[in-house]
Each structure stands twice: as C-alpha cells, then as structure tokens.
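Participant:
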Amino acid sequence: MEKLVDLVLHPIRMRIVMALAGREMTAQQLAETLGDVPLATLYRHLNRLTDAGVLAVASERRVRGTLEKSYTLGSQGAFIDAEQFAAMSREDHLRYFTTFVATLLDDFSRYIKIPEPINLLTDGVGYQKFPLELSEEEFVDVAKGINAVIVPHMSNQPAPGRKRRIFATIVMPDVVSKSPQGEFLKDEIPETETE
11 MEKLVDLVLH
21 PIRMRIVMAL
31 AGREMTAQQL
41 AETLGDVPLA
51 TLYRHLNRLT
61 DAGVLAVASE
71 RRVRGTLEKS
81 YTLGSQGAFI
91 DAEQFAAMSR
101 EDHLRYFTTF
111 VATLLDDFSR
121 YIKIPEPINL
131 LTDGVGYQKF
141 PLELSEEEFV
151 DVAKGINAVI
161 VPHMSNQPAP
171 GRKRRIFATI
181 VMPDVVSKSP
191 QGEFLKDEIP
201 ETETE
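Going by the numbering used here, the sequence shown wraps up at 205, each residue one higher than the last.
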C-alpha cells in the first residue's frame with residue numbers, strides 16, 4: 011500500500027487537502043477554488059484520497075440526475091504522526107520537503123499572478139529567515155508560544171471579513187554556521203550517511 015506521505019505530498023493532492031482544511035466542498039467548488047486543475051484530474055485525486063481515508067464524503071445529494079458529493083478531511087486526516095516521521099529515510103525527508111517547498115512556491119506564484127491589483131503589505135504577505143540561538147528549553151517555549159497563538163484559530167470557519175491565509179513553518183538546526191561553541195565549523199560539516 012502507498013505510504014500516506016507519498017499520497018498526500020503530491021502538488022495537486024496537497025492543494026486539495028489544504029482547500030478542505032476546516033470545511034466541506036463539492037468537486038465543483040474545489041475545481042473553482044483550485045482554478046487550474048481539470049475536473050477529470052481532480053476526480054482522480056479525490057478518489058485516491060478518499061480510498062486512503064485522507065478525505066471522507068460528508069454528504070451526497072442528487073443534482074440533475076447526478077450524485078453530488080461534498081468532501082471533507084477524513085478521520086485519518088493528512089497528518090503524519092511522530093512514529094511515521096521518525097521512520098522516514100533521509101531521502102524520503104528530502105523528497106517530501108522538496109514537495110512541500112514546491113507547493114509553497116506554487117501558492118505564492120498563483121497569488122502574485124492574480125489579475126487583480128495586489129498589495130503585499132495590506133494582504134499581510136511576509137517571508138523571512140533568521141537564526142535564533144536557543145537552548146532546548148527555550149526552543150520548546152518558542153514552539154509552545156507559536157502554537158498558543160495559531161492553534162485556537164485553526165478551526166475558524168469561513169465568515170464575512172475573514173480571508174483564508176497560509177501559514178507555513180520550517181524549523182531546522184543551522185549546521186553550516188554553528189555558534190562558536192558549536193560542534194563543527196563551516197568547512198568541517200560531516201558527510202551524510204546514505205540510508
């Protein structure tokens with residue numbers, strides 16, 4: 011059976027999962043939301059995600075003689091648990107991370123290319139990268155603080171005045187430029203092992 015991460019970390023399927031986070035949508039609504047995915051392709055991906063339990067059919071109704079389904083995230087969801095995450099090889103992580111970053115680039119690209127005028131500042135668009143010198147305890151405190159701010163809003167439903175926004179996080183140790191007390195210097199980065 012296909013690994014859950016292999017199934018979900020596909021550019022189109024990841025967009026479907028993100029579109030359905032916290033809401034129900036029909037295939038037609040998804041097609042309108044995604045904009046550039048042909049309906050036949052969308053149905054193929056919906057079927058694969060539903061068969062794997064990532065999506066569930068929330069409701070069905072007859073529309074002009076056809077059965078229209080509304081989809082939502084399934085009970086299994088699209089989340090990788092800590093055990094699955096730890097079991098992945100380095101090559102798996104690199105492949106999945108590449109897909110993750112590619113979907114972010116695709117999201118940003120679609121935003122930049124919309125025909126309406128955009129204003130990155132008023133739209134709240136931002137991206138930055140900065141190092142933090144943190145002990146393990148400080149790092150846990152920072153992560154808890156971020157979660158305390160974001161998690162309460164993850165179940166917000168669409169409503170007048172609300173705009174769907176994408177928050178993406180990437181956190182990793184900086185092995186190239188460790189602090190003076192670090193284990194290796196820039197020219198002494200250890201070779202990675204092949205698993």
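Beta carbons: idealized from backbone N, C-alpha and C, even for Gly.
Could you tell me if Tyr-137 is buried or exposed, where buried requires 16 or more neighbouring beta carbons within 10 angstroms of its beta carbon?
Facilitator: Stepping through the sequence shown from its first residue, residue 137 is reached at position 127. Per the 10 Å Cβ criterion, exposed.
Participant: Suppose you measure from the CA of Met-24 to the CA of Asp-116; what does that come to, to the nearest Å?
Facilitator: As a working note, residue 24 is residue 14 in the sequence shown. As a working note, residue 116 is residue 106 in the sequence shown. Spanning the two alpha carbons is a distance of roughly 11 Å.
Participant: Could you check what DSSP says for Glu-146 in three-state terms: helix, strand or coil?
Facilitator: In the sequence shown, residue 146 corresponds to position 136, counting from 1. If DSSP states are grouped into helix, strand and coil, Glu-146 belongs with the helices.
Participant: Let me know if Ile-124 comes out buried or exposed under the rule of 16 or more other beta-carbons within 10 Å of its beta-carbon.
Facilitator: For this step, residue 124 is matched to residue 114 along the sequence shown. Flag for Ile-124 reads exposed.
Participant: Mind the definition here: the stretch 68-84 touches the stretch 18-32 only if three or more C-beta pairs lie below 8 Å; say whether that holds.
Facilitator: Enough Cβ pairs lie closer than 8 Å, so yes.
Participant: Going by the CB atoms, is the gap between Ile-128 and Val-15 shorter than 7 Å?
Facilitator: What you label residue 15 is simply residue 5 of the sequence shown in a count that begins at 1. What you label residue 128 is simply residue 118 of the sequence shown in a count that begins at 1. Result no, Cβ atoms of Val-15 and Ile-128 do not sit closer than 7 Å.
Participant: Please name the residue, chosen from Gly-171, Ser-145, Pro-168, Arg-172, that lies closest to Pro-183 on a Cα-to-Cα basis.
Facilitator: Position 173 of the sequence shown, counting from 1, holds the residue named residue 183. With distances taken between Cα atoms, Pro-183 lies closest to Ser-145.
Participant: Pull the bridge partners of Tyr-106 from the DSSP assignment, please.
Facilitator: Position 96 of the sequence shown, counting from 1, holds the residue named residue 106. BP columns for Tyr-106 are empty, so no partner.
Participant: When you compare the CB positions of Glu-78 and Thr-132, do they come within less than 7 Å of one another, or not?
Facilitator: Position 68 of the sequence shown, counted from the first residue, corresponds to residue 78. Position 122 of the sequence shown, counted from the first residue, corresponds to residue 132. Not a contact, by the Cβ cut-off of 7 Å.
Participant: How about Thr-109 and Leu-19: do their beta carbons lie closer than 7 Å?
Facilitator: Within the sequence shown, residue 109 is the residue found at index 99, counting from 1. Within the sequence shown, residue 19 is the residue found at index 9, counting from 1. Yes, the pair counts as a contact, with Cβ atoms nearer than the cut-off.
Participant: Is Val-15 helix, strand or coil by DSSP?
Facilitator: The count along the sequence shown starts at 1 and reaches residue 15 at position 5. If DSSP states are grouped into helix, strand and coil, Val-15 belongs with the helices.
Participant: Pro-21 and Thr-113 look like a contact to me (Cβ under 8 Å); what is the Cβ gap, rounded to whole Å?
Facilitator: As a working mapping, residue 21 is identified with position 11 in the sequence shown. As a working mapping, residue 113 is identified with position 103 in the sequence shown. The Cβ separation is near 6 Å, so the contact holds.
Participant: Spell out the partners DSSP gives Ala-66 in its beta bridges.
Facilitator: Looking up residue 66 in the sequence shown gives position 56. In DSSP, Ala-66 forms a bridge with Thr-82.
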